[in-house]
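The sequence shown begins at 95 in the numbering used here and counts up one residue at a time.
Yeah, the Cβ is synthetic: ideal placement off N, Cα and C, and Gly gets one too.
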Amino acid sequence: MNNTVPAHIAMIMDGNGRWAKERNLKRTAGHSAGAEVVRKITIHCGNIGVKYLTLYAFSTENWQRPKLEVEFLMKLLEKYLKQELPVYLENGIKLKTIGDISRFSKSLQKTIKETEDKTAHGTKLTQVLALNYGSKDEIVRAVKRLNSKNLEVSEENIEENLDTAGMPNVDILIRTSGEVRLSNYLLWQNAYAEMFFTNTYWPDFNENELDDIISDFNNRERRFGGI
Ligand code: FPP
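Structural data, given as structure tokens:
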């Protein structure tokens, strides 16, 4: 067994709605509880030496949810970014987003940009929020960039034109809530990720469970197609 700290962990934070339903609460209460877990897990990842934590906060498909839930998620995100700024700064966390945020309100776009600018010097961990993100959409946008720059379509050029350009590929992918699928998340970047699916709903996920997953990861043999 080795003791490698994964450079890049990606998470699909699923189960907020079911967590709330089990408690006779509104789905939105599950999202609020989920935001607290985002904070705890982000700080923990920074403390143990993870360099990139990518969180699926809003997918290109999530627009299909009821209007009120979409509005709630947008407001929660804006509130979270504003209130978390001191936490980002105290913990050396840099914010980056992937996805096409041009569909968000001007005010949310401004908050995202300001938070990215103010945290740009964070060196411990980059928290990457996937916002209006879909992997197929990202790959199409990358290929369009290649065309507009007259660049050859190669693996290297695609990689350098994805929203995740400059980031390492995913080492560990975690999905909570018992669902076992990728849901259009980082299809390219997960090519050699070790995948973990836990029944825990996202609002109940915690640092100990993450540590256990990292221990399991260190017991797996990654061969990257070799022998
Ligand atoms: C999936 O649970 C969760 C989401 C679509 C949103 C994720 C948002 C958060 C964790 C909170 C806010 C995030 C930040 C970064 C502040 P679901 O609603 O699909 O749950 P269900 O499958 O049980 O219905």
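{"Asked": "Within 9 Å, strictly: CB atoms of residue 276 and residue 137", "Found": "no"}
{"Asked": "Ordered list of beta strand (DSSP E) runs contained in the stretch 231-270, each at least 3 residues", "Found": "266-269"}
{"Asked": "Residue environment, residue 317, which counts as buried when at least 16 other CB atoms sit within 10 Å", "Found": "exposed"}
{"Asked": "Contact between the stretch 116-131 and the stretch 185-205 (3+ Cβ pairs under 8 Å)", "Found": "no"}
{"Asked": "Length of the line joining the Cα atoms of residue 238 and residue 168", "Found": "28 Å"}
{"Asked": "Proximity to residue 293 [Cα-Cα], best of 130, 263, 273, 178", "Found": "273"}
{"Asked": "Residue 199 beta carbon near the ligand FPP (any heavy atom closer than 8 Å)", "Found": "no"}
{"Asked": "Which of helix, strand or coil DSSP assigns to residue 168", "Found": "helix"}
{"Asked": "Cα-Cα separation, residue 232 to residue 113", "Found": "30 Å"}
{"Asked": "Given residue 304 as reference, the closest of 184, 295, 226, 268 once Cα atoms are compared", "Found": "268"}
{"Asked": "Residue closest to residue 115, alpha-carbon to alpha-carbon, out of 309, 310, 313, 295", "Found": "295"}
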